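>
Residue numbers (full-length UniProt numbering): 1 to 69.
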């Protein structure tokens, strides 16, 4: 599947997740969760800037369950 230029540019604006960790990995999980939040914040900010803010998302305190619409 080929992506158009606007999609490629949107993806480049989102930071990559580099830490491979799960909830049982202690401090590595905290680092991974931080990366996930940074990527989500960048994605949401880009959506707001292009007037396409279309979803809401939140997690529980330890980042193991996500909710939204």
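All C-beta atoms, glycine included, are put in the ideal place defined by N, C-alpha and C. This one's a predicted model, so the numbers in the text were calculated from it and none came from an experiment.
Could you work out which residue in 2, 5, 25 and 10 is closest to residue 44 when comparing CA atoms only?
The count along the chain shown starts at 1 and reaches residue 44 at position 44. Closest by alpha carbon: 10.
> Helix, strand or coil: which one does DSSP assign to residue 50?
Within the chain shown, the letter at position 50 stands for residue 50. DSSP places residue 50 in coil when its eight states are reduced to three.
> Just reading off the beta strand (DSSP E) that residue 57 is part of, what are its end residues?
Residue 57 sits at position 57 when you count from the first residue of the chain shown. That run of the beta strand (DSSP E) goes 57-59.
> Which value, in whole angstroms, describes the spacing of the CA atoms of residue 49 and residue 38?
Position 49 of the chain shown, counted from the first residue, corresponds to residue 49. Position 38 of the chain shown, counted from the first residue, corresponds to residue 38. Those two C-alpha atoms are separated by around 16 Å.
> In whole angstroms, give me the CA-to-CA distance for residue 55 and residue 36.
Along the chain shown, read from residue 1 onward, the residue named residue 55 stands at position 55. Along the chain shown, read from residue 1 onward, the residue named residue 36 stands at position 36. Cα to Cα, residue 55 sits roughly 16 Å from residue 36.
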